[in-house]
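>
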Amino acid sequence: MQVKKIFLTGLLGSCCFFSYAQYGRVEGRVTSDSNQPLPGASVTLSGSQYGTNTDFNAHYVLENLPLGSYQMVISYVGFKTKTVSMQIRQGQSQRLNIALEEATEQLKSVAVQGRSVATEVNRQAYNVTAIDARKLQNATLDLSDALDRVSGVRIRENGGVGSKMNFSLNGFTGRQVKFFLDGVPMDNFGSSFQLNNIPINLAERIEVYKGVVPIWLGSDALGGAVNIITSNRESTYLDASYSYGSFNTHRTTINAGFTGKKGLMVQLNAFQNYSDNNYWINVDVADINTGEYFKNQRLRRFHDTYHNETVIAGIGVVGKKFADRLLVGLTLGQNKADIQTGARMVSVFGNWYRRGNIVMPSVKYHKKNLFVKGLDLNISANFNLGMEQNVDTLNRRYNWFQQYKQYDGPGSERERSLYKFKNNNGLVTANLNYALGKGHTVTINNVFNSFNRRGKDELYPQSEKYEQPKFKSKNVLGLGYKLEPTDRWSSSIFIKQFSQLNRYSQTYNPSGNWGDIAYLRQKSQFYKYGYGMAATYFLSSNFQWKASFEKSYRLPETDELFGDLINLEGNIELDPESSNNYNLGLAYHRRVGLHHRLSLDANVLYRDAKDFIRPKLNANQTKQVMDNLANVTNFGFDTEIRYHYKRILTTGVNITYQNLRNNTRYEDGYTLESPLYRDRIPNMPFLFGNADASIFLADFLKKGNSLTFGYNLLYVHAYYLYWPSLGSDKLNIPQQLNHDLNIIYAMADGRYNLALECKNLLDSKLYDNFSLQKPSRGYYVKFRYFLSK
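Positions 286 to 1074 (our numbering) are the ones given, in order, by the sequence shown.
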């Protein structure tokens, strides 16, 4: 079966070598005569049906143009319309940049027609929220910070910069939600490339799919997906920034690109993060020598330094007969993270650390109108050759006063180790779209992923433990059909096949004598089928209804099966989890007069999950371990209201409620009803939200400069750490309020930017997984330079 899947992916890939362009193509940018981008400008070919609007980068593309001469008409409100003559020749791809002259008339108000890319994404039938990341790129945010402001989303971190994070979307957590980079799964990117160490400047747009996931994002997501869209602009640009702040935090980002007239494209993305993470915490401490107990001590974290450096480089061609885009890339990165605590703050470490790197070659290929008009092919492949190492060799015990006891002989703080390993992750994706005619599209998507952990520990060179197989291969094959006869309504149906093969070892005692250990090699396989649908209808131009359903499966991930060798213990007995996901939503957008805009987005959801995989503490409560919970239901909603006044004020609020309940009535081996039946799932926030406001002052002090004041509020209602029915042992995590402020001054129409920020303004006690405290109040400054031609 796996051979067939690999063959199918390879067959789709081989098509790219036989494609020839049958039509012409023109692209470019529309700017003012002072070189300022004009998003939403109209670009049409006079006397034909061909036309488009520029995106937020002022970039346009007209494809599949029949041969001949045309008059291109470019218009934008407040500027003089321009007409340009052009000739389309077979197989030709040309670039045509247009500069418009500003009209001399002074308009009292301007209404720009045309929808942005983010707006088009939000108009899909799926329950999706698109974030325009470019509006946040002057701030010191990483991707996780931006996502934490989306309704239905909670980002839960073990600490500060670079700490282990857990992503929650409408009650689904961790690997139940899948992450993509430009449509490519991030399953094999390793510890050097995670959401909370990727700066917001790497992304142009972030798409959050809640519940049902479109077929072209082929994956085994149970509760949704996040797709990070990076810059694909075919132009020359430079975006560089540096920030410094509390806890000795440094962040640097460089994004650059070049596209030549003959189609050569070069892209470079580089970023680094460093932080001591020595923020203040409140904790109970016992003197390690006398045993005297001190409650509620305010102390600094002392062993939590983190740094990472990553470079993503690509070179290739665009606009050729054999490929619209072909890029060969290489991702290089490294990271080192001190480990301060275990799964709870009662476990304190002072020398244990982990380090790793990423060495990942990749290739991306895109071709429209392959063989015939309307047949589009996308292929991507990568292989991570990176290494991870766990270093724990000092036989000590620490407390929060930084006191320690040294013990004789070999030992460790948690588990003595110099284990160095490679996960040998490979991934191939192929997506084929065929437009059968107006409003009819068929999609085939296949994603194959392999994992094979191999390593050794120089402390135990003869140990058979590290020679045991830890192998996994996974394939997701999907087929979908989309009907979109008019701009008012569309519907999609799809089916998926999920398959996985695991190879591993289990220990046993062959003789019955103490200490006699042998290994029995095992194999497990899963084959599952899922299906779904999505539909949307516009009652009017500003009132949209959405509905979607999916029978989805999520196969156990490598860390869940084999552990992460830090705070997650492996569980090879995990079964796939499944869920019936129902979504119903509406979107209403209204303009009141010339200056006011109001929008409302609301969604109701219901999830019925079987074999739900969730974390719990292991037997000695020092690590987490994933476990199947037979049945979990979730009925909830999320809603967001936003208001805009001219280009001066924007404000909004969102709220999320999720009622996750244990629906397992009878535990295995018991005939009495479980005391935990219909209990709320513990350690999971059930009510939370955000509020934000921004004031924009245009032409502040000088024409072309702008000043922005921004505020963001995060609210999390109190929730239980353990099962509510356990009485006094349930422990309460208190209500949390977090306030952030920022001031941004942009100069020379956004070329030079300066930002000042205060995070956790009131120095609130903020908690996440098992009451682990997040950073105290911090101050940050960021400088950014942006240039585009």
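The C-beta atom is built at its ideal place from N, Cα and C for all residues, glycine as well.
As the structure is a computational prediction, the values presented were derived from the model and not from experiment.
#1: Could you tell me the boundaries of the alpha helix (DSSP H) in which ALA431 lies?
#2: Measuring straight from C-alpha to C-alpha, what distance separates ASN1017 and THR537?
#3: Name the two residues that bound the continuous beta strand (DSSP E) containing PHE897.
#4: Looking at the secondary structure, which residues open and close the beta strand (DSSP E) in which TYR843 lies?
#5: Would you call the stretch 481-498 in contact with the stretch 412-431, where contact means no fewer than 3 C-beta pairs closer than 8 Å?
#6: In three-state DSSP terms, what is PRO499?
#7: Contact between the stretch 741-749 and the stretch 829-847: three or more CB pairs below 8 Å?
#8: Report yes if the C-beta distance between VAL613 and ILE624 is below 9 Å; otherwise report no.
#9: Just to confirm before moving on: does the CB-CB distance between SER531 and TYR564 stay below 9 Å?
#10: Count the C-beta pairs between the stretch 962-981 and the stretch 994-1013 that are closer than 8 Å, then say yes if the count reaches three, no if not.
#11: Kindly indicate which three-state DSSP category GLN747 falls into: helix, strand or coil?
#12: Looking at the unbroken beta strand (DSSP E) that takes in TYR692, where does it start and where does it end?
#13: Mind checking who LYS707 pairs with in its DSSP beta bridge?
#14: For the putative contact between SER526 and ARG1069, defined by C-beta atoms under 8 Å, what is the C-beta separation to the nearest angstrom?
#15: Which same chain residues end up closer than 7 Å to LYS741 when comparing Cβ atoms and leaving out the 5 residues on each side of it in sequence?
#16: For ASN710 versus PHE668, is the C-beta distance shorter than 9 Å?
#17: Would MET731 and ALA720 qualify as a contact pair, given that the criterion is a beta-carbon distance under 9 Å?
#18: Are there three or more Cβ pairs, one per stretch, closer than 8 Å when the stretch 823-838 is compared with the stretch 857-876?
#19: The beta strand (DSSP E) with GLU698 in it runs from where to where?
#20: Please confirm whether TYR455 and ASN919 have their CB atoms less than 9 Å apart.
#21: Please list the terminal residues of the continuous beta strand (DSSP E) segment that includes MET630.
#22: Pull the bridge partners of ASP977 from the DSSP assignment, please.
#23: Taking the C-alpha atoms as reference points, what is the distance between VAL644 and PHE733?
#24: Is it a yes or a no for the stretch 972-981 touching the stretch 949-959, going by three-plus beta-carbon pairs under 8 Å?
#25: Indicate whether the contact test is met: 3 or more Cβ pairs, each with one atom in the stretch 578-596 and one in the stretch 632-639, closer than 8 Å.
#26: I think THR678 touches SER647, with their Cβ atoms under 8 Å apart; what is that distance to the nearest whole Å?
#27: What does a CB cutoff of less than 6 Å around GLU519 pick up in its chain, not counting 5 residues either side in sequence?
#28: Count the other CB atoms within 10 Å of the CB of SER378; is the residue buried (16 or more) or exposed (fewer)?
#29: To the nearest angstrom, how far is it from the Cα of ARG583 to the Cα of SER1061?
#30: State buried or exposed for ASN581, treating a residue as buried only when at least 16 other CB atoms are found within 10 Å of its CB.
#31: Short check: CB of GLU594 to CB of ASN554, under 9 Å?
#32: Would ASN865 pass as a contact of PHE834 if the rule is Cβ separation under 9 Å?
#33: Which two residues bound the contiguous beta strand (DSSP E) that contains VAL657?
#34: Which residues in the same chain as PHE292 place their Cβ atom closer than 7 Å to its Cβ, once the five residues preceding and following it in sequence are excluded?
#35: Identify whether GLY605 lies in helix, strand or coil by the three-state DSSP scheme.
#36: Spell out the partners DSSP gives TRP1088 in its beta bridges.
Considering the structure as presented:
#1: Stepping through the sequence shown from its first residue, residue 431 is reached at position 146. Its alpha helix (DSSP H) spans residues 428-432.
#2: Counting from 1 along the sequence shown, the entry for residue 1017 is found at position 732. Counting from 1 along the sequence shown, the entry for residue 537 is found at position 252. Each residue's Cα considered, the two are about 39 Å apart.
#3: On the sequence shown, position 612 is the one that residue 897 refers to. 881-902 is the extent of the beta strand (DSSP E) around PHE897.
#4: Here residue 843 refers to the residue found at position 558 of the sequence shown. In the sequence as presented, Tyr is not what sits at residue 843; that position holds Thr. Unbroken run through THR843 is the alpha helix (DSSP H), 843-847; no beta strand (DSSP E).
#5: Under the Cβ criterion (8 Å, minimum of three pairs), the stretch 481-498 counts as touching the stretch 412-431.
#6: Translated into positions along the sequence shown, residue 499 becomes position 214. In the structure shown, PRO499 falls within a coil segment according to DSSP collapsed to helix, strand and coil.
#7: With contact defined as three or more Cβ pairs closer than 8 Å, the stretch 741-749 and the stretch 829-847 are not in contact.
#8: In the sequence shown, the residue the question calls residue 613 occupies position 328. In the sequence shown, the residue the question calls residue 624 occupies position 339. With contacts defined by Cβ atoms closer than 9 Å, VAL613 and ILE624 do not form a contacting pair.
#9: Position 246 of the sequence shown, counted from the first residue, corresponds to residue 531. Position 279 of the sequence shown, counted from the first residue, corresponds to residue 564. Yes, Cβ-Cβ distance for SER531 and TYR564 is below 9 Å.
#10: Yes, the stretch 962-981 touches the stretch 994-1013.
#11: Within the sequence shown, the letter at position 462 stands for residue 747. Here GLN747 sits in coil by DSSP.
#12: Here residue 692 corresponds to residue number 407 of the sequence shown, with the count starting at 1. If you look at TYR692, you'll find it isn't in any beta strand (DSSP E); DSSP assigns it neither H nor E.
#13: Along the sequence shown, read from residue 1 onward, the residue named residue 707 stands at position 422. According to DSSP, which records beta bridges pairwise, LYS707 is partnered with MET672 and ARG739.
#14: Taking the sequence shown and counting its residues from 1, one reaches residue 526 at position 241. Taking the sequence shown and counting its residues from 1, one reaches residue 1069 at position 784. The distance from the Cβ of SER526 to that of ARG1069 is about 4 Å, consistent with a contact at the 8 Å cut-off.
#15: As a first step, residue 741 must be located in the sequence shown, where it is residue number 456. These residues qualify, in order along the chain: LYS705 and TYR751.
#16: Residue numbering aside, residue 710 sits at position 425 when the sequence shown is read from its first letter. Residue numbering aside, residue 668 sits at position 383 when the sequence shown is read from its first letter. Taking 9 Å as the cut-off, the Cβ atoms of ASN710 and PHE668 count as close.
#17: Position 446 of the sequence shown, counted from the start, is the residue given in the question as residue 731. Position 435 of the sequence shown, counted from the start, is the residue given in the question as residue 720. Here residue 731 is Asn; the residue named in the question, Met, does not match the sequence. Taking a C-beta distance under 9 Å as the contact criterion, ASN731 and ALA720 do not qualify as a contact pair.
#18: In this structure the stretch 823-838 lies against the stretch 857-876, because at least three pairs of beta carbons, one per stretch, are closer than 8 Å.
#19: Working through the sequence shown from its first residue, we reach residue 698 at position 413. Where GLU698 is concerned, there is no enclosing beta strand (DSSP E), because DSSP gives it neither an H nor an E.
#20: The count along the sequence shown starts at 1 and reaches residue 455 at position 170. The count along the sequence shown starts at 1 and reaches residue 919 at position 634. Looking at the sequence shown, residue 455 is not Tyr but Asn. Contact: yes.
#21: As a working note, residue 630 is residue 345 in the sequence shown. For MET630, no beta strand (DSSP E) run applies, since DSSP gives it neither H nor E.
#22: The residue given as residue 977 occupies position 692 in the sequence shown. Looking at the DSSP assignment, ASP977 forms a beta bridge with GLY937 and ASN997.
#23: Numbered from its first residue, the sequence shown carries residue 644 at position 359. Numbered from its first residue, the sequence shown carries residue 733 at position 448. Cα to Cα, VAL644 sits roughly 19 Å from PHE733.
#24: Counting Cβ pairs under 8 Å, fewer than three are found: no touch.
#25: Look at the beta carbons and you see the stretch 578-596 touching the stretch 632-639: at least three pairs across the two are nearer than 8 Å.
#26: Taking the first residue of the sequence shown as position 1, residue 678 is located at position 393. Taking the first residue of the sequence shown as position 1, residue 647 is located at position 362. Contact between THR678 and SER647 fails: their C-beta atoms lie close to 35 Å from each other, not under 8 Å.
#27: Residue 519 sits at position 234 when you count from the first residue of the sequence shown. Result list for GLU519: THR544 and VAL603, in chain order.
#28: Within the sequence shown, residue 378 is the residue found at index 93, counting from 1. Counting of Cβ neighbours within 10 angstroms places SER378 among the buried residues, the total reaching 16 or more.
#29: Here residue 583 is taken as the residue at index 298 of the sequence shown, counted from 1. Here residue 1061 is taken as the residue at index 776 of the sequence shown, counted from 1. It is roughly 11 Å from the alpha-carbon of ARG583 to the alpha-carbon of SER1061.
#30: Here residue 581 is taken as the residue at index 296 of the sequence shown, counted from 1. The residue is exposed, with fewer than 16 neighbouring Cβ atoms inside 10 Å.
#31: Here residue 594 corresponds to residue number 309 of the sequence shown, with the count starting at 1. Here residue 554 corresponds to residue number 269 of the sequence shown, with the count starting at 1. No. Outside cutoff.
#32: Here the question's residue 865 lines up with position 580 in the sequence shown. Here the question's residue 834 lines up with position 549 in the sequence shown. Contact flag set, yes.
#33: Position 372 of the sequence shown holds residue 657. No beta strand (DSSP E) contains VAL657, which DSSP labels as neither H nor E.
#34: Here the question's residue 292 lines up with position 7 in the sequence shown. Any answer about PHE292 is weak, because its pLDDT of 41 lies below 50 and its placement is not dependable; what the coordinates show is given next. For PHE292, same chain residues with a beta-carbon under 7 Å away, outside a window of 5 residues either side, do not exist.
#35: The sequence position of residue 605 within the sequence shown is 320, counting from 1. The residue asked about is misnamed: residue 605 is Lys in this sequence, not Gly. When DSSP states are grouped into helix, strand and coil, LYS605 belongs to the coil group.
#36: Shown here, the chain extends from 286 to 1074; a query on residue 1088 therefore has no answer.
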